[in-house]
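Numbering (full-length UniProt numbering), first residue to last: 1 to 88.
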């Protein structure tokens with residue numbers, strides 16, 4: 001696992017229906033990008049040093065932005081479908 005500052009650490013949810021945990025990597029202590037990483041968790045702004053396990057993946061800033069854009073588009077389509085159905 002290799003990361004750089006600005007990447008996102010995503011820890012997969014422990015069970016179906018449980019959300020993933022996502023944190024911004026704000027510091028990489030190893031020059032080759034290996035763990036540990038200093039991560040800021042946006043849900044509570046907590047900062048911690050993390051040695052990721054096998055349930056974690058690194059996502060680049062661009063990949064995370066694309067995923068966020070896709071989620072926003074999905075939610076907008078759902079809202080539009082609800083409004084359209086409600087008008088019918």
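The beta-carbon is built from N, C-alpha and C at its ideal position, and this holds for glycine as well.
Asked	Found
Burial state of residue 75, where buried means 16 or more other Cβ atoms lie within 10 Å	exposed
Exposed unless 16 or more other CB atoms sit within 10 angstroms - verdict on residue 25	buried
DSSP-derived helix/strand/coil call for residue 49	strand
CB contact flag (residue 11, residue 62, <8 Å)	no
Whole-angstrom distance between residue 2 and residue 71, CA atom to CA atom	26 Å
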